[in-house]
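Residue numbers (our numbering): 1 to 118.
Worksheet: one structure, shown below.
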Amino acid sequence: QVQLVESGGGLVQPGGSLRLSCAASGSIFSIPAMGWYRQAPGKQRELVAAITRGGITNYADSVKGRFTISRDNAKNTVYLQMNSLKPEDTAVYYCNADIVTGVLQGYWGQGTQVTVAS
């Protein structure tokens, strides 16, 4: 059984920073890709950032230059450093990972709330 456990959300003022973490556990052979999505009220879930096992990254235009995704392959953990946060970054942030156990399958975390408000 594979689990993704997120942490690090919360309330922050505009211009502030937060760091999200997501750790994968279970019978994992490899994790080719990990990423973060977000969903604001009334909106569709959207990709925020993704990273391959080799470190290739991809960002949504709205977060380029402010957010940084990284991963620790030894710990099966992905991070999202969020700087210069704006009210429009308010959403539930979900961790996503493509994980090889016996087969390749996508997994989601439970979500963590990020609220940017003064």
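Built from N, CA and C at the ideal position, the CB exists for glycine as well.
Fair warning: this is a prediction, and the values are worked out from it, not measured in the lab.
Sort out for me which residues DSSP pairs residue i with in a bridge.
i             : result
aspartate 72  : Thr77
isoleucine 51 : Met34 and Thr57
alanine 24    : Leu4
valine 12     : Val116
glutamate 46  : Arg38
State the DSSP-derived secondary structure class of residue i, mapped to helix, strand or coil.
i         : result
valine 63 : helix
Taking residue i as part of the beta strand (DSSP E), name the residues at either end of that continuous run.
i            : result
aspartate 98 : 91-100
glycine 111  : Taken as a continuous stretch (DSSP letters only), glycine 111 belongs to no beta strand (DSSP E), as it is neither H nor E.
If you check the beta carbons only, do residue i and residue j fall under 8 Å apart?
i                : j             : result
glycine 109      : glutamate 6   : yes
alanine 50       : isoleucine 69 : yes
phenylalanine 29 : threonine 77  : no
alanine 23       : lysine 75     : yes
isoleucine 83    : arginine 71   : It should be pointed out that residue 83 corresponds to asparagine in this sequence rather than to isoleucine. No, the Cβ-Cβ distance between asparagine 83 and arginine 71 is not below 8 Å.
proline 41       : lysine 86     : no
leucine 104      : leucine 20    : no
alanine 97       : leucine 4     : yes
glycine 9        : valine 114    : yes
tyrosine 37      : tyrosine 94   : yes
valine 2         : glycine 35    : no
alanine 33       : threonine 52  : yes
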